[in-house]
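One structure is given here, and the rest of the page talks about it.
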Amino acid sequence: MIVAVVLALLLFYGAGHADSLPQNSTDDMLSLLDFRKEISSDPGGFLTSWNTNNSSAADYCGWNGVTCSRTHPGRVIELKLSSQSLQGRISPSLGNLTFLRTLDLSYNSFFGQLPLLSRLVRLQDLVLNNNQLQGLAPDALINCSSLYWVTLSSNMLAGPIPASIGSLSNLMYLYLDSNNFTGGFPSSLLNMSKLEVLDLSSNILAGPIIPPNIGSLFNLKILYLDSNNFTGAIPSSLGNMSGLEELVLQDNQLIGTIPQNLGNLSNVYGLLLGHNSLSGSIPTTILNQCSLEFLDLGPNFIRMALPSNIGNTLPNLLALSLYNNMFHGPIPASLGNASHLTLLNFASNSFTGHVPSSLGNLTKLSYLRLEQNNLEAKDNEGWEFIDALSKCQFLEKLLLSDNQLQGAIPDSVGKLSNSSLQYLYFGKNNLSGAVPESMGNLIALNTLVLEQNNLNGPIGSWVGKLNNLTKLFLSDNNFSGPIP
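Per mature numbering (1 follows the signal peptide of the UniProt record, and there is no 0), the sequence shown runs over residues -18 to -1, 1 to 466.
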């Protein structure tokens, strides 16, 4: 019995198999060859195996990038040609590969229009990102009801987003970012109830940001609409999308206040609303959202004092950016309890008082921007934070220019050598006295800004120890003596 089965398989897959292939199978081979004819450049020779010289017709299933079905012999189910530096047009003949489940032509140089693929009813993955495609036919993907992943990012696609995309009822991931799409938010996308990721960022979309009933996309987890020209207010219905994890609306022209019910997004870890014209204050519900890891609200026109317990209510923060707003009052000492923080950007606000020493508890901190505020330090009072920051061994940037810092730079600045400090900005303050010799301990420094102060005395030997220094700003001080 086993011998009979083996003989049957040999007969099926042997040299005579090419003649027994169904007509549709040989059509698949011809479609691939038509596709090959449209390739004008294949510098790596990836498609050299795509020929029928001295081989049977069935061998196309072994061509580079081609996978055929086991259950339907000779039918192409996958075409993966990613990152092969191919150049040319995408042949309409691909629309004849009716058993195709995966089409991946990403990271090449395909140009022209995406042809009609409406016959590919089995297609599940369409990956065409990072090419030079200029057009998308309105009905290019109509009837492709099995699609669950579409990536057209980083092309040159222009015009309105085709409404027919909304008919892809099984789609879960849609990436149309980094193109030249215009028009408004297509309301047809609201029909895609299974959608989990929607990325329309970095286009030229305009008008009201999204329809008020955007909340109907209950399964949406990731929403990227940043770097467009959307206007109007943030719709409160976004707060109904209970599964949302990332909401990125930065770099638009949004106005109004931040909706209170965005605090209902109990799973959100990324809320990026910066580079807009939002006003008012941050809703308390958001400041109590313990799942938040990334909160970016700068620049906007938000005016408020930060609650004293913000570091306790947002314990999982990795990055907090509030720069270029109208925040006032002290920097809360409780931020030292947000022990995962790596970035803290409070620049260009009206914060007052001392820099809290508790920031030294942020042992993962690499980026601390506090310039252009009204922060104070005088002689030995208010400088304790410098000593505390010596515990932040990953600290690369410490920017304190344009504040109300007075008196001498403390010797403890040399303890920052325990960190990876590359940028130290003390410019535009009221600092006086000599630069401490301990400054020479900061051997990783790339940029040191001390301009526009009242520093005096000779420029000490410390400067010669900073072997990695490429930028040194000492102008508008009272230094004397020779240049070292």
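Where is the CB? At the ideal position from N, CA and C, for every residue including glycine.
Isoleucine 72, enclosing beta strand (DSSP E) - first and last residue:
Taken as a continuous stretch (DSSP letters only), isoleucine 72 belongs to no beta strand (DSSP E), as it is neither H nor E.
Taking glycine 221 as the reference, give the member of Thr324, Pro194, Asn450, Ser209 with the closest Cα.
Pro194
From the DSSP secondary-structure annotation, give me the bridge partner or partners of leucine 180.
Leu156, Leu205
Buried or exposed for glutamine 375, please, with buried defined as at least 16 other CB atoms from any protein chain shown within 10 angstroms of its CB.
exposed
So, for asparagine 298: in the same chain, excluding its five sequence neighbours on each side, which residues have a beta-carbon less than 7 Å away from its beta-carbon?
The beta carbon of asparagine 298 lies closer than 7 Å to those of Cys272, Ser273, Leu274, Glu275, His322 in the same chain, with the five residues before and after it left out.
As a quick exercise: from Lys379, Val445, Glu227, Ile191, pick the residue whose alpha carbon is nearest that of leucine 347.
Lys379
From lysine 360 to phenylalanine 200, what does the alpha carbon distance come to, in whole angstroms?
Their backbone Cα atoms lie some 54 Å apart in a straight line.
Using only CA atoms, which one of Gly197, Ser183, Thr239 lies nearest to aspartate 233?
Ser183
Cα-Cα, which of Asn46, Phe17, Asp16 is closest to residue 467?
The first residue shown for the chain is -18 and the last is 466, placing residue 467 beyond what the model contains.
Can you list, in chain order, the residues of its chain whose CB lies under 6 Å from that of aspartate 278, leaving out five sequence neighbours each side?
Leu254, Gly256, Ser303
Can you tell me whether isoleucine 465 is buried or exposed? The criterion is at least 16 other CB atoms within 10 Å of its CB, across all chains shown.
exposed
Which residue spans inside the region 199 to 253 form an unbroken beta strand (DSSP E) run of at least 3?
Runs of the beta strand (DSSP E) inside the region 199 to 253: 204 to 206, 211 to 214, 228 to 230, 235 to 239.
6 Å Cβ shell around glutamine 69 - same chain, five flanking residues per side excluded:
Ser22, Ser23, Ser91
For leucine 14 and leucine 76, what's the separation of their Cα atoms in angstroms?
In this structure, the alpha-carbon of leucine 14 lies about 7 Å from that of leucine 76.
Residue range of the unbroken alpha helix (DSSP H) whose run includes alanine 370:
366 to 371
When you compare each of Asn112, Leu108, Ser100 to alanine 119 by their alpha carbons, which one comes out closest?
Ser100
Give me the Cβ distance between leucine 153 and methionine 174, rounded to the nearest whole Å; I'm assuming they're in contact under 8 Å.
5 Å
Grouping DSSP H, G and I as helix and E and B as strand, with all else coil, what is residue 516?
The chain is shown from -18 up to 466; residue 516 falls before or after that span and cannot be answered.
Note down, in chain order, each residue of its chain lying with its Cβ closer than 6 Å to the Cβ of leucine 430, except the 5 sequence neighbours on either side.
If we look at leucine 430 and ignore the five residues flanking it on each side, its Cβ neighbours are Leu406, Leu454.
Could you have a look at alanine 188 and say whether DSSP puts it in helix, strand or coil?
strand
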